[in-house]
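In the working numbering, the protein residues as written are 1020 to 1309.
Heads up: the structure comes next, in structure tokens.
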Amino acid sequence: MPAVGVPDLCAVVLAAGEGTRLRPLTERLPKALCPVGNVPLLDRALARLAGLGLSGPDRVAVNACYLAGQVVEHVGGRAHLSVEPGDPLGTAGGVAKLKEWIAGRPVLVGNADAYLADPTAEPGPDLAALLAGWDGTEVRLLGQPAADPGLPGTFDGHVFTGFSLLPWRAVRDLPVEFGDLVRAVWRPAEAAGALRVVPYRGTFYDTGTPADYLAANLHAAGGDVLVDPAATVTGRCRESVVGAGAVVHGEVIRSVVWPGATVRAGERLHEVVRAADGLTVPAGRGPAGG
């Protein structure tokens, strides 16, 4: 595996959130386990870290809260698990709860729901610029230029794209209570001149809304049809993703059919997500954005 270039680096994947904007899809499945291109988002994050040489419970941790049992079962022994009782602790609280595990190391923090794809680099190496030449003291964010650099929530004219690099000093004093990294770490570092945004060259979706979730899936399909070998398709599919065990006898256009879902003969799905129990969530918004 490639060296990450940062001694003693560990990683945390944040997978505790409820995914309220994706309801009702996330009433059944944690957002981190929602499939994009027939691969659960959490697995995409773990594979990206593995591409940096970070894997196993000594180097990678995953937090869980909402529908935590599903996340714990899915991760198994692939990472250290931090289960938050009660309500999710937020991004800062989730990292703070892992301070004993982080134990003085720098930490790469990634959002499980971040879909990233760079045509010029494999997952993992596509984050290399975030780590390159790091001095061990500044806070770094992966970002992309904002359509409106003056909008609230931007950093140096960029929108955050799912991964941040934190020195131990930025983690050490975080309280184990609800809080977010924006206010607890990033903005204070920015005010102190100790925050740097590293541009991401590829495509990014946060997958937090049905529209962005659909757009990420369509991007993963590459403008074609992505059908799991264990699906049965006798109908017509165009620019769609069809999961394992799904049965499609109808027509599916620019849509996502989850594993085990059914599209009956005579049905026509267009820009929707179809879940296994027949739930159909509209997801279209016109031309997809990035």
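The C-beta atom is built at its ideal place from N, Cα and C for all residues, glycine as well.
Treat the numbers as computed from the prediction; the structure is a model and nothing was measured.
(request) For Y1232, name the three-state secondary structure that DSSP assigns. (result) helix
(request) Using the DSSP secondary-structure output, state which residues sit across from L1184 in a beta bridge. (result) L1127, R1159
(message) If you reduce the DSSP assignment to three classes, tell me which class R1215 lands in.
(response) strand
(message) If I follow the unbroken alpha helix (DSSP H) through P1207, where does it start and stop?
(response) 1206-1210
(message) When you compare the CB positions of V1079 and V1032, do they come within less than 8 Å of one another, or not?
(response) yes
(request) For the segment 1051-1099, list the alpha helix (DSSP H) runs that are entirely contained and at least 4 residues long, ordered along the chain. (result) 1060-1069, 1087-1094
(request) Could you give the DSSP three-state label for H1238: helix, strand or coil? (result) helix
(request) Could you tell me if L1146 is buried or exposed, where buried requires 16 or more neighbouring beta carbons within 10 angstroms of its beta carbon? (result) buried
(message) Please report the straight-line C-alpha distance between T1251 and L1245, rounded to a whole angstrom.
(response) 12 Å
(message) Tell me the rounded alpha-carbon separation between A1166 and D1225.
(response) 16 Å
(request) To the nearest angstrom, report how far apart C1256 and V1276 are at their CA atoms. (result) 10 Å
(request) Assign P1306 to one of two classes, buried (16 or more other C-beta atoms within 10 Å of its C-beta) or exposed (fewer than that). (result) Only weak support is given to the placement of P1306: the predicted model assigns it a pLDDT of 36, under 50, and the value that follows is read from those uncertain coordinates. Counting Cβ neighbours within 10 Å, P1306 comes out exposed, since fewer than 16 surround it.
(request) Keeping to the same chain, check which residues put their C-beta closer than 6 Å to that of C1084; ignore five residues upstream and five downstream. (result) A1035, E1103, P1107
(request) Please say whether V1260 and A1239 have beta carbons closer to each other than 8 Å? (result) yes
(message) Are the CB atoms of R1042 and L1065 within a distance shorter than 8 Å?
(response) no
(message) Buried or exposed, going by whether 16 or more other CB atoms sit within 10 Å of the CB of G1309?
(response) Unreliable placement is indicated for G1309, whose pLDDT of 30 sits below 50; no coordinate value is reported for it.
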